[in-house]
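Trainee: In my numbering, each number is its position in the sequence shown, counted from 1, plus 8.
Beta carbons are placed, not taken as given, at the ideal position from N, Cα and C, and that holds for glycine.
Let me begin by handing over the structure; questions about it come next.
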Amino acid sequence: MRKWQLCLGMMIIFCCVLAACSQDTGSEAVGGTDNGEANNESDNIVIGTSVPSLEFTFFVAAQKSWETTAEELGVEALFFNAEDNQSKQNQDIEDMVTRGVDALVIIPITTEGVIPAIRHANEQGIPVFTVDRSVEGDSVDIVAHIGTNHVEMGESAAKKFLEGLEEKHPDAETWKVAELEGTPGSSAAIERGRGIHNVLEADERVEIVTSLTGEFSSTVALGVAEDILTANSELHGFISHNDMMIEGALQAANAAGRAEDLVLFGMDGQVSTVEKIITGEIYGTSLQLPSMLGDGMKAALAHLNGEEVEENVWVPTELIYQENAEEMLETKAW
Numbered sequence: 009m010r011k012w013q014l015c016l017g018m019m020i021i022f023c024c025v026l027a028a029c030s031q032d033t034g035s036e037a038v039g040g041t042d043n044g045e046a047n048n049e050s051d052n053i054v055i056g057t058s059v060p061s062l063e064f065t066f067f068v069a070a071q072k073s074w075e076t077t078a079e080e081l082g083v084e085a086l087f088f089n090a091e092d093n094q095s096k097q098n099q100d101i102e103d104m105v106t107r108g109v110d111a112l113v114i115i116p117i118t119t120e121g122v123i124p125a126i127r128h129a130n131e132q133g134i135p136v137f138t139v140d141r142s143v144e145g146d147s148v149d150i151v152a153h154i155g156t157n158h159v160e161m162g163e164s165a166a167k168k169f170l171e172g173l174e175e176k177h178p179d180a181e182t183w184k185v186a187e188l189e190g191t192p193g194s195s196a197a198i199e200r201g202r203g204i205h206n207v208l209e210a211d212e213r214v215e216i217v218t219s220l221t222g223e224f225s226s227t228v229a230l231g232v233a234e235d236i237l238t239a240n241s242e243l244h245g246f247i248s249h250n251d252m253m254i255e256g257a258l259q260a261a262n263a264a265g266r267a268e269d270l271v272l273f274g275m276d277g278q279v280s281t282v283e284k285i286i287t288g289e290i291y292g293t294s295l296q297l298p299s300m301l302g303d304g305m306k307a308a309l310a311h312l313n314g315e316e317v318e319e320n321v322w323v324p325t326e327l328i329y330q331e332n333a334e335e336m337l338e339t340k341a342w
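What follows is the structure, given as structure tokens:
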């Protein structure tokens, strides 16, 4: 009998230990993607973000900035990857609202598609900040926007692009160029495109033969650029809304044996593009800093602490071209 009671007691203890081990350990560490992961200090302020897609190098770098800033500030940070799906981004935002975040810092996929989710956050009294891409209209309350002036960025890029055309094709009566546009409906694509056209359309020597979306993707841009090159036996350059797409255009140009004849200009300032500027494969790019997502967290925390936050915080941009590319590679390219 005593042996049977001893065995029963050991079984009960084992089951208790097993049950304790299987309990939820709470929130996960900062730096998650689509599940919205956070550190496990539940008494901290909680700030959540959603970015369009980690398929884009800019947002991968922005995620690193988000994680680093969260550690510096000691806040609990949620991170969601929308996977370039507006419905998913809206659902992720609503999930963060349900989880009771103190503030939201959002990089919207499109200017209008995200409005219902932001309106829901507004109704629950959660302050919302936008970064990089803005929201269209006055139907929602945005505390502050932190980002680059994309129109000015497009204009400065287009002016430098014209210098490249003059250098490579000084005798051409007309410069035939193609524009690779970003995600349709995103403020970055709309505003960068506006800046580009402000400059290029004012120059009588420029003919924009086509403006097609590469969706900010190198893979998509590769196929689009191949089609453009096939349709245009004479082309002098590509200007792109981001670096990933201009690298896709470079691939297409190399495959067609036409890279030497083209002026290629991007925007963002990623390391791989700056390296190609140094070698002369790409003419230039316009720097945009992914650290602005971390700046958005800082602005949100300041607001929560009762500090006044500027409605628009403009992050400076700089041109990168062969003369300064090595220095920029060491200091600012990401």
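#1: Just the Cα atoms here: how many angstroms apart are GLU315 and GLN97?
#2: I'd like to know whether the C-beta atoms of GLY256 and VAL228 end up nearer to each other than 9 Å.
#3: So, with DSSP's three-state summary, where would you put LEU81?
#4: May I ask you to verify whether the stretch 271-281 touches the stretch 241-250, counting CB pairs closer than 8 Å and requiring at least 3?
#5: Decide yes or no for the touch test of the stretch 53-65 against the stretch 114-132: beta carbon pairs closer than 8 Å, at least 3 of them.
#6: Quick one: using the 10 Å Cβ neighbour count with 16 as the cut-off for buried, is SER50 buried or exposed?
#7: In this structure, how does DSSP classify SER299 when only helix, strand and coil are distinguished?
#8: Measuring only the C-alpha atoms, how far is SER294 from GLU199?
#9: Identify the residues that DSSP records as bridge partners of ASN320: which are they?
#10: Beta-carbon separation of VAL207 and ALA166 under 9 Å?
#11: Just the C-alpha distance for VAL148 and ALA69, rounded to the nearest angstrom, thanks.
#12: Which same chain residues, not among the five before or five after LYS176, have their C-beta less than 7 Å away from its C-beta?
#13: Thinking just about the alpha-carbon of each residue, which of SER164, SER219, VAL139 and PRO298 is nearest to the one in GLY190?
#14: Taking contact to mean 3 or more Cβ pairs, one atom from each stretch, closer than 8 Å, check whether the stretch 118-125 and the stretch 141-161 are in contact.
Mentor: So, from the listed chains and residues:
#1: 29 Å
#2: yes
#3: helix
#4: yes
#5: yes
#6: At SER50 the pLDDT is 36, less than 50, meaning the model places this residue with poor confidence and gives no usable figure here.
#7: coil
#8: The straight-line gap from Cα to Cα measures roughly 14 Å.
#9: Looking at the DSSP assignment, ASN320 forms a beta bridge with HIS153.
#10: yes
#11: 28 Å
#12: VAL271
#13: SER219
#14: Three or more pairs of CB atoms, one per stretch, sit closer than 8 Å, so the stretch 118-125 contacts the stretch 141-161.
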